[in-house]
Every structure is written in C-alpha cells, then in structure tokens.
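One structure is given below, encoded as structure tokens.
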Amino acid sequence: MPSRRHVILASAGLVTASALPALACNAPTERQTEGPFFRGGSPLRVQLASPKQPGTRMALTGSVLDRDCRPIAGAMVDIWHADATGDYDMSGYNLRGHQITDASGAWRFETIEPARYPGRTRHYHVKVVLADGRSLTTQLYFPGDGGNSRDGLYRPSLQMAIERNVGRFDFVLAA
C-alpha cells in the first residue's frame, strides 16, 4: 500500500508508477500496554454499544496487514474501551467485542467515543491475534484531543484517521 506522500508524488509525476508496488508498509504498529481493564472471552460482534448507550456514535474500521502490505485474513481484532463517563464495564462485555478479519484483512466495529479519565486521553484498546498465536496489543488515539499532550502513553503514530465519526486504522504486523 503506497504512502500518502508517494501517491501525491506519483500524481504529480515525480515518482514512476513502477516504483509504487515495491514500497513496503510502514514499520509495524507500535505495541502498548493492554492496561488493567482487559477481559478475555469477548463476544464476536460488530455492535459494541447498545442503542441506548449514551455517547457520540463512532464507527471504527481498518485492516490487518503484513510488512509487505498483504492483508491478513483470519486475525482476531479484540477491542475494549471506556464509556462516555470514563468507566469500563468490568462485570459484563459492554463496549467490548471482537471480529475476525475477512479475506481483505478488513475489520469494523460500531461503538461510541470513549471519555477521558484521570491520567488518560480518549483511546481504544486493541489486541490483534493471528491464527498462529502471535499478537499485537496497542491503543488507538484521537487526533487533536486536548488530553493527548498530558497522557504519557499517547503516541502520534497510533492516531486514527477520523472523518465524520468514522475512525480508520490499519495494523501492520511484523513477520
């Protein structure tokens, strides 16, 4: 998958089309702590928030890719996050769930935006587990959130691309 920079350069005629397929994906997605609120056994589902769940609706989407930008089918993408008041459900599976990537490596969830809570900016926790057991645990952040600069775990490389309440992020896993 060419970078945005290479697509712009190619459209301006500054990079030949033959150079684009040779480009590798970015470095593997940065690992982060799963934190104290992970619970195994989340349900397989797209809809994480009930229709009556307070909060701003948000769709999350993306792909799981290898370093050569090839999609990884059959990966489990597990997500969990705080509610609109900054609390995690520790007795059930509200705002928790997982999906299995399709042949194109795609995944999608429908949920709400999490709130900040003491010491943390708004974020989603994600664990990607491949069929062979290798895994990546990380967190996804909101660009421009005022809490980012005060959160010691925040990393700009883990910001989602957000457009009209749809957050997108592609996970790149090392070989």
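Counted the way this note's numbering counts, the sequence shown spans residues 875 to 1049.
No residue lacks a Cβ here, since even glycine has one placed at the ideal position from N, Cα and C.
These numbers were taken from a predicted model, which means no experiment stands behind them.
Option nearest residue i by Cα separation, candidates the options
{"i": "glycine 914", "options": "Phe1043, Asp1044, His972", "result": "His972"}
{"i": "alanine 923", "options": "Arg1024, Ile986, Val1046", "result": "Ile986"}
{"i": "serine 1023", "options": "Phe912, Glu984, His999, Gly993", "result": "Gly993"}
{"i": "serine 1009", "options": "Pro925, Asn900, Leu939, Leu918", "result": "Leu939"}
{"i": "alanine 956", "options": "Ala947, Tyr967, Ile946", "result": "Tyr967"}
{"i": "threonine 1012", "options": "Arg941, Gly1021, Pro1030, Gly1020", "result": "Pro1030"}
{"i": "methionine 1059", "options": "Asp961, Leu918, Ala933", "result": "Since the first and last residues shown for the chain are 875 and 1049, residue 1059 lies out of range."}
{"i": "aspartate 942", "options": "Thr995, Gln927, Pro902", "result": "Pro902"}
{"i": "threonine 907", "options": "Arg919, Ser978, Asp1019, Gly1026", "result": "Gly1026"}
{"i": "cysteine 899", "options": "Arg944, Arg919, Pro928", "result": "Arg944"}
{"i": "tyrosine 962", "options": "Asp1006, Pro988, Pro928", "result": "Pro988"}
{"i": "glycine 979", "options": "Arg931, Pro928, Lys926, Ala947", "result": "Ala947"}
{"i": "glutamate 904", "options": "Asn1039, Met964, Tyr1028", "result": "Tyr1028"}
Cβ neighbour criterion (16 or more within 10 Å) applied to residue i
{"i": "proline 1017", "result": "exposed"}
{"i": "valine 1000", "result": "buried"}
{"i": "glutamate 1037", "result": "exposed"}
{"i": "proline 910", "result": "exposed"}
{"i": "threonine 975", "result": "buried"}
{"i": "leucine 1014", "result": "buried"}
Sequence-distant residues of the same chain with beta carbon closer than 7 Å to residue i, five excluded per side
{"i": "glycine 936", "result": "Trp981, Arg1042, Phe1043, Asp1044, Phe1045"}
{"i": "arginine 931", "result": "Ile986, Asn1039"}
Residues bridged to residue i (per DSSP)
{"i": "methionine 950", "result": "Ile974, Val1003"}
{"i": "glutamine 906", "result": "According to DSSP, glutamine 906 bridges with nothing at all."}
{"i": "leucine 1010", "result": "Val1002"}
{"i": "tyrosine 991", "result": "Arg994"}
{"i": "threonine 985", "result": "Met932"}
Neighbourhood of residue i by C-beta, 6 Å cutoff - its chain only, sequence neighbours within 5 removed
{"i": "leucine 1004", "result": "Ala949"}
{"i": "aspartate 952", "result": "Ser916, His972, Lys1001"}
{"i": "glycine 1021", "result": "Arg990, Thr995"}
{"i": "proline 895", "result": "With a pLDDT of only 40 at proline 895, under 50, the local geometry of the prediction cannot be trusted, and the value read off the model is given with reservation. No residues qualify anywhere along the chain."}
Contact test: residue i Cβ vs the ligand ADP heavy atom, cutoff 7 Å
{"i": "proline 945", "result": "Among the ligands in the structure shown, none appear at all, so the ligand ADP cannot be discussed."}
Uninterrupted beta strand (DSSP E) stretches inside the stretch 1015 to 1045 (no shorter than 3 residues): Those beta strand (DSSP E) runs which fall completely within the stretch 1015 to 1045 and span 3+ residues are 1035 to 1037, 1040 to 1042.
message: Restricting to runs no shorter than 3 residues, where is the beta strand (DSSP E) found entirely within the stretch 910 to 943?
response: Listed in chain order, the complete beta strand (DSSP E) runs (minimum 3 residues) inside the stretch 910 to 943 are 931 to 940.
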